[in-house]
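Undergrad:
There are 2 protein chains.
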Amino acid sequence: MDFLEKLKTVQRRNNSLLSIGLDTDIRKIPPSLRTHKDPQGEFNRRIIEATEDLVCAYKLNIAFYESSGERMWRTIHGTLSHIAPGIITIGDGKRGDIGSSSEHQARSLCGDFRFTASTVNPYMGKDSVEPFIARAEQGAFILALTSNKGSEDFQYLRVSGRPLYEHVVAKALKWNAKKNIGLVVGATHPGELGRIRSMAPELPILIPGIGAQQGDLEASVRYGCDNEGLLAVINVGRSIIYASRGEDFAEKAREAALEFRDRMNVFRKKYFG
Amino acid sequence: MDFLEKLKTVQRRNNSLLSIGLDTDIRKIPPSLRTHKDPQGEFNRRIIEATEDLVCAYKLNIAFYESSGERMWRTIHGTLSHIAPGIITIGDGKRGDIGSSSEHQARSLCGDFRFTASTVNPYMGKDSVEPFIARAEQGAFILALTSNKGSEDFQYLRVSGRPLYEHVVAKALKWNAKKNIGLVVGATHPGELGRIRSMAPELPILIPGIGAQQGDLEASVRYGCDNEGLLAVINVGRSIIYASRGEDFAEKAREAALEFRDRMNVFRKKYFG
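Sequence order for the protein chains is A and B.
Per the working numbering, the very first residue in the first sequence carries number 597; after that it's consecutive.
Per the working numbering, the very first residue in the second sequence carries number 597; after that it's consecutive.
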């Protein structure tokens, strides 16, 4: 199934815009798991089992696994093996290089791990993105306007009267021959999100920054969705996976996920009926 | 020793601006090595042993190791263990993320592997770069103007009358409190390299694009160096490591490296006496 259709299908089936960010920091998981042979993987498995009916996606920031060294492969493969096939998996690596090197990056994220989608940094241009969008059933979320403070350094610079990130959106639309490109727009920029949605009415938008980064949930739903109330992929990480730092972490993660999903759905109903 | 001093020291000692790009593609190494328990690592070891008196740096594009999966750690650690301490090692990962995630990326490249320097994508701004420049003895090369075709998509966009990449250079200068920031400027853009060198007279510039990408070697030396004829780190990958695809690959790599180093030094002598 094509990427876009797969996303819409799971968003409808689970009635959810929620993506859970499995940015699992080995230093933050309950002590009892630290002696497990794969602490991050076991933590993820329990979060997934407790929440998989509530989400449209799981996003794994690759950096959190790279920093654990060699066991990264086992942990990521193990984690992905617990996620049901219909759910979107996002390999959040912020990759991008000259074409021949990007192919190797894509071989890892799209080929080896088989993530449904990757995140890609646009700075190096079209050939850096292409290997990630070579197959229609896998997509790429291109960084447009990120959730962090540093987004102010370059992304807002004005080019021909429009901020740089809008030029990124325009190029993303142009490169989207296989209809498998999405955008990353931080929930910390609600006004800009609305403008980006109007420029790109049919692109999935991955929206990080809810929770610890204090992004705007109502605006993320209102401006992040297409006109059917879909295609916003609203990521929540720390506020869900560390809802409890104790042994009840999975149960508390479910409660937090349910609350986020339902709050999103209240806003969906308000704006999309 | 601080990063900048370390770079100058090895450039003087080996009389070399040459960086060898160990972008070792498992499909391109001699058949006899493919049965080795670590084919890429063994290939790299033999290239390093044949060339280490001729270089100032080795650059490992992380993508070429990620695409080999789990053995990446062994291969990179093994490769780095063969490189003498005075030589600069560059972890070419084009990383960058929100600050808390960039810290995990840096923990891998600067902490686990202990590369002397990393390459970083500037699109996400200051907090995405900071973890890579936290220690004065390790540096970061920030992508300014890349060697690929895609560099035309965004890097040349004009902001207040100047191309975007010059704004990146200006920010890099501003962020350089520890004097450990460098820039990446492709050898395929010789005119722009001169302008960037004049803006940043004291920053190391990593210059990819010589050889397979047909960048301009004379201009890379002339415009890439500081006024002492140092601080250009001119990377050559495929033209050296695949100089022969046979069993004599290491010997032929040495011949190619010697030729590149000496050609660079002819231009150094011409322009810097």
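Don't be surprised by glycine CBs; every beta carbon is placed ideally from N, CA and C.
#1: Just by C-beta distance, which residues in the stretch 703-724 of chain B are closer than 7 Å to chain A?
#2: Could you tell me if M597(B) is buried or exposed, where buried requires 16 or more neighbouring beta carbons within 10 angstroms of its beta carbon?
#3: Locate the alpha helix (DSSP H) running through T911(B), then write down its first and last residues.
#4: DSSP on N831(A), reduced to helix/strand/coil?
#5: Please list the partners that L760(A) has in chain B, where partner means a Cβ-to-Cβ separation under 8 Å.
#6: What does a CB cutoff of less than 8 Å around H632(B) pick up in its chain, not counting 5 residues either side in sequence?
#7: Helix, strand or coil for R754(B)? Go by DSSP, reduced to three states.
#8: Going by DSSP in three states, K745(B) sits in which element: helix, strand or coil?
#9: Below 8 Å on the Cβ atoms is my guess for I792(B) versus V765(B); work out the distance and round it to an integer in Å.
#10: According to a CB-to-CB cut-off of less than 7 Å, which residues of the stretch 767-779 of chain A neighbour chain B?
#11: State yes or no: is the C-beta of A808(A) within less than 7 Å of the C-beta of A646(A)?
#12: For G820(A), I'd like the list of residues in its chain whose CB is within less than 7 Å of its CB, leaving aside the five on either flank, ordered along the chain.
#13: For L870(B) versus R857(B), is the C-beta distance shorter than 7 Å?
#14: Quick check on S663(B) - is its C-beta less than 7 Å from some C-beta in chain A?
#15: In terms of alpha-carbon separation, which member of T605(B), A796(B), S835(B) and A783(B) lies closest to A815(B)?
#16: State the beta-bridge partners of N657(B) as determined by DSSP.
#17: Contact between the stretch 707-726 of chain B and the stretch 743-753 of chain A is defined here as three or more beta-carbon pairs at a separation below 8 Å; is this criterion met?
#18: For S704(B) versus S663(A), is the C-beta distance shorter than 7 Å?
#19: Using 8 Å as the threshold, is the stretch 730-737 of chain A in touch with the stretch 759-776 of chain A, meaning 3 or more CB pairs across them?
#20: At 7 Å on the CB atoms, spell out the chain A contacts of F737(B), in chain order.
#21: In three-state terms, what does DSSP make of V573(B)?
#22: Helix, strand or coil, according to DSSP, for G820(A) in the structure here?
#23: Judging by CA-CA distance, which residue of G692(A), G757(A), I644(A) and A768(A) is the nearest neighbour of D619(A)?
#24: Check whether the Cβ atoms of I684(A) and T712(A) sit closer than 7 Å, and answer yes or no.
#25: Determine the DSSP secondary structure at L813(B), reduced to helix, strand or coil.
#26: Which residue wins for smallest C-alpha separation from G682(A), given the options N861(A), E648(A), W771(A) and R864(A)?
#27: Does DSSP put F728(A) in a helix, a strand or coil?
#28: Chain B beta carbons: is any one of them nearer than 7 Å to that of E666(A)?
#29: Can you say whether Q751(B) is buried or exposed, counting buried as having 16 or more other CB atoms within 10 angstroms of its CB?
#30: Which residues in chain B have a C-beta closer than 7 Å to the C-beta of Q701(A)? List them in chain order.
#31: Which residues in the same chain as Y761(B) place their Cβ atom closer than 6 Å to its Cβ, once the five residues preceding and following it in sequence are excluded?
#32: Measuring straight from C-alpha to C-alpha, what distance separates N861(A) and V832(A)?
#33: Give me the Cα-Cα distance between S743(B) and G805(B), rounded to the nearest whole angstrom.
#34: Apart from the five residues just before and just after F868(B), which ones in its own chain have a Cβ nearer than 8 Å to its Cβ?
#35: Is P681(B) helix, strand or coil by DSSP?
#36: List the endpoints of the continuous beta strand (DSSP E) containing L799(B).
TA: Taking the structure as given:
#1: Listed in sequence order: R703, S704, D708, N717, P718, Y719, M720, G721, K722, D723 and S724.
#2: So M597(B) ends up on the exposed side.
#3: Residue 911(B) is absent from the model: chain B starts at 597 and stops at 869.
#4: DSSP, reduced to helix, strand and coil, places N831(A) within a strand of the structure shown.
#5: Within chain B, the residues near L760(A) are F750, L753, V755 and L760.
#6: E638, listed in sequence order.
#7: In the structure shown, R754(B) sits in a strand (DSSP, three-state: E or B).
#8: Secondary structure of K745(B) (DSSP, three-state): coil.
#9: So it is a contact: roughly 6 Å between Cβ atoms.
#10: Against chain B - using a Cβ distance shorter than 7 Å - the residues of the stretch 767-779 of chain A are K767.
#11: Contact: no.
#12: Cβ within range, chain order: L789, R793, I801, I803, A828 and I830.
#13: There is no way to answer for residue 870(B), as the model of chain B reaches only from 597 to 869.
#14: Interface residue, yes.
#15: Nearest to A815(B) by alpha-carbon distance, out of T605(B), A796(B), S835(B) and A783(B), is A783(B).
#16: D688(B), per the DSSP bridge assignment.
#17: The stretch 707-726 of chain B vs the stretch 743-753 of chain A: in contact.
#18: Judged by their CB atoms, S704(B) and S663(A) are nearer to each other than the 7 Å cut-off.
#19: Because the criterion of three Cβ pairs below 8 Å is met, the stretch 730-737 of chain A and the stretch 759-776 of chain A touch.
#20: Under the 7 Å cutoff, chain A gives no residues; its nearest Cβ is about 13 Å from F737(B).
#21: Nothing about residue 573(B) can be reported from this structure: the residues present for chain B run from 597 to 869 only.
#22: G820(A): helix per DSSP, three-state reduction.
#23: Distance from the Cα of D619(A) is smallest, within the candidate group G692(A), G757(A), I644(A) and A768(A), for I644(A).
#24: Taking C-beta atoms as the reference points, I684(A) and T712(A) count as a pair closer than 7 Å.
#25: Correct three-state label for L813(B): helix.
#26: With distances taken between Cα atoms, G682(A) lies closest to E648(A).
#27: Collapsing the DSSP output to three states places F728(A) in a helix.
#28: Yes, contact with chain B.
#29: The residue is buried, with at least 16 neighbouring Cβ atoms inside 10 Å.
#30: Those are A659 and E662, listed as they occur along chain B.
#31: Only A740, L741 and Q751 meet the Cβ criterion.
#32: If you draw a straight line from the Cα of N861(A) to the Cα of V832(A), it comes to about 15 Å.
#33: Cα-Cα distance, rounded: 6 Å.
#34: Correct list, in chain order: C821, N823, E824 and G825.
#35: Correct three-state label for P681(B): coil.
#36: L799(B) -> no beta strand (DSSP E), and no H or E assigned at all.
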